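Below is one structure, written out as structure tokens, with a few remarks after it.
There are 2 protein chains.
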Amino acid sequence: MSGEIRLSIGEVARRAGVRTSKIRYYESVGLLGAPARSGGRRTYDGEIIDALRVVQLAQQAGFTLAEVRRLLRDFDAATPASSRWRAMAERKLREVAALIELARRRQRLLEALMSCDCGQLADCVRPTLVPITRASTVTRG
Amino acid sequence: MSGEIRLSIGEVARRAGVRTSKIRYYESVGLLGAPARSGGRRTYDGEIIDALRVVQLAQQAGFTLAEVRRLLRDFDAATPASSRWRAMAERKLREVAALIELARRRQRLLEALMSCDCGQLADCVRPTLVPITRASTVTRG
DNA sequence: GTACGTCTTCAAGTGGACTTCAAGTCAAGG
DNA sequence: CCTTGACTTGAAGTCCACTTGAAGACGTAC
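Chains A and B, in that order, give the protein sequences.
So for the first sequence, my numbering puts the first residue at 9; every next one is plus one.
So for the second sequence, my numbering puts the first residue at 9; every next one is plus one.
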């Protein structure tokens, strides 16, 4: 029990493939709890690697760090019935779907641009254009 | 010819559905030329609406404002043979395709998360995880 | 003793597209 | 004359996820 392995921040960074600054940053924004100290220096155990992995995973899934923080709290305060993290995931899923739709619009737009088919191009743009309203203040030169 | 209609920046903003600050901002970053002034105030003709529309269109296609600026210059200095804007559009098309790929990964990840299929989840994540390397500096204590 | 490497802290910088603010100008209307 | 509203300017603030820098402390190897 005395041989518990503790890692320096540099070692954690090497193992997890991140910069030390990122680990300190995560701590500063409340994603990671304050670790034990030894002579003023942070010391971690192996679990920190998993924690970093979870954050990385959630980020890959499109969550912002603020959202990851909420997710982690929800996981901890696990009310198994009304799992809020599922709601968050569903919302994010819709966001990602919308993102894909947007990207598809871009593709269509770019392809129209490339082929210089201006009619098609106008069709892509029209829905987002604000109709020109009647002038209310017109200056004459 | 004396009845040429000139618009105030506020009127342009209303017609185009943007804020005046955006118009000034575009001017400040060189997307729009300096307009004529009347008593110190900007006055525009109808073409400004089209210009704003073009910027909006290019943005929808995924170009940054810096890229839009380059696009406009290339359109002006139209060397019809070596049209650089086509190259830019092609590059952007590839960028958008990559973006869609990323979003699809996110979808898969989120769906795996929702179904709590951890094996599938690990498969999604594994390629981007850094393998844990041998410790070089381990603190005991 | 001194050079090296790692750690500590806090502050500020990055990029992109704007918005917001402060302080002042201008013309029209009452 | 005074208010109102739209305009002018430049500077600074916003969001996000970090990184970079400065300045200092500590331990270890030579």
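Here a beta-carbon is modelled for each residue, glycine too, at the ideal position from N, C-alpha and C.
None of the values given here were measured: they were computed from a predicted structure.
Problem set entry | Through-space distance from G25(B) to R114(A), alpha-carbon basis | CA-to-CA, the gap between R114(A) and G25(B) works out to about 21 Å.
Problem set entry | Rounded straight-line distance, which links the Cα of A111(B) to that of L107(A) | L107(A) and A111(B): Cα-Cα distance of roughly 7 Å.
Exercise. List, in order along the chain, the chain A residues whose C-beta lies closer than 8 Å to that of R113(B)?
Worked result: For R113(B), the chain A residues whose Cβ falls inside 8 Å of its Cβ are Q68, in order along the chain.
Problem set entry | Counted within 10 angstroms of its Cβ, other Cβ atoms place T51(B) as buried (16 or more) or exposed | T51(B) sits buried, since 16 or more C-beta atoms from the chains shown fall within 10 Å of its C-beta.
Exercise. Going by Cα to Cα distance, which pick from A21(A), L60(A), D53(A), R14(A) is closest to L40(A)?
Worked result: Nearest to L40(A) by alpha-carbon distance, out of A21(A), L60(A), D53(A), R14(A), is L60(A).
Exercise. Which residue's Cα is closest to the Cα of R32(A): A105(A), F83(A), I56(A)?
Worked result: Closest by alpha carbon: I56(A).
Exercise. Relative to the alpha-carbon of R78(B), which residue among Q64(B), M122(B), G38(B) has its alpha-carbon at the smallest distance?
Worked result: With distances taken between Cα atoms, R78(B) lies closest to G38(B).
Exercise. Where do the N-terminal and C-terminal ends of the alpha helix (DSSP H) with L118(A) fall, by residue?
Worked result: Counting along the chain, L118(A) sits inside the alpha helix (DSSP H) bounded by residues 92-123.
For this session: Starting from K170(B), find everything on chain A with Cβ-Cβ shorter than 7 Å and list it in chain order.
Result: Given that chain B is displayed from residue 9 to residue 149, the structure contains no residue 170(B) and the question cannot be resolved.
Problem set entry | Helix, strand or coil at L80(B) according to DSSP, with G and I counted as helix | Residue state, collapsed to three classes: helix.
Exercise. Are the C-beta atoms of I31(B) and some chain A residue less than 8 Å apart?
Worked result: Chain A, which has no Cβ nearer than 8 Å to the Cβ of I31(B), makes this no.
Exercise. With A69(B) and K30(B) assumed to form a contact (beta carbons below 8 Å), what rounded beta-carbon distance in angstroms separates them?
Worked result: Contact flag wrong, Cβ pair sits at about 18 Å.
Exercise. Who are the near neighbours of G18(A) in its chain, counting only those whose CB is closer than 8 Å to its CB and skipping five residues on each side?
Worked result: Contacts found: T28.
For this session: Go to Q28(B), then tell me how far its alpha helix (DSSP H) extends in each direction, as first and last residue.
Result: The amino acid occupying residue 28(B) in the given sequence is Thr; Gln does not appear at that position. T28(B) -> alpha helix (DSSP H) spans 28-36.
Exercise. Chain B beta carbons: is any one of them nearer than 8 Å to that of V76(A)?
Worked result: Not an interface residue.
Problem set entry | Close beta carbons around D82(B), own chain, < 6 Å, minus the five adjacent residues each side | If we look at D82(B) and ignore the five residues flanking it on each side, its Cβ neighbours are R92, W93.
Problem set entry | Simplified DSSP state of A69(B), which is helix, strand or coil | In the structure shown, A69(B) falls within a coil segment according to DSSP collapsed to helix, strand and coil.
For this session: From the DSSP output, in three-state form, read off A42(B) for me.
Result: Here A42(B) carries a coil assignment [DSSP, helix/strand/coil].
Problem set entry | Cβ-based burial, R45(A) [other Cβ within 10 Å; buried from 16] | By the 10 Å Cβ count, R45(A) comes out exposed.
Problem set entry | Same chain, Cβ closer than 6 Å to A97(A), five either side skipped, listed in chain order | Excluding sequence neighbours, A97(A) sits near nothing in its chain.
Exercise. So the alpha helix (DSSP H) G18(B) belongs to, where does it begin and stop?
Worked result: Element bounds for G18(B): 17-24.
Exercise. In terms of alpha-carbon separation, which member of L15(B), P43(B), A42(B) lies closest to G54(B)?
Worked result: For G54(B), the closest alpha carbon among the candidates L15(B), P43(B), A42(B) is that of L15(B).
For this session: Would you mind sorting A66(B) into buried or exposed? The rule is 16 or more other CB atoms within 10 Å of its CB.
Result: Buried, since its Cβ has 16 or more Cβ neighbours within 10 Å.
For this session: Note down, in chain order, every chain B residue with its Cβ under 7 Å from the Cβ of R94(A).
Result: Under the 7 Å cutoff, chain B gives M122.
For this session: Closer than 8 Å by C-beta to R23(B): which residues in its own chain qualify, once you throw out the five before and the five after it? Chain order, please.
Result: Cβ neighbours of R23(B) within its own chain (closer than 8 Å, five residues either side excluded): L15, I57.
Exercise. Using a C-beta cutoff of 8 Å, does I56(B) count as contacting chain A?
Worked result: Chain A contact via Cβ: absent.
For this session: Within 10 angstroms of the Cβ of A74(B), are there 16 or more other Cβ atoms? Answer buried if so, exposed if not.
Result: With fewer than 16 Cβ atoms within 10 Å of its Cβ, A74(B) is classed as exposed.
For this session: Ignore the nearest five residues each way along the sequence and tell me which others in R49(B)'s own chain have a CB closer than 7 Å to its CB.
Result: S16, listed in sequence order.
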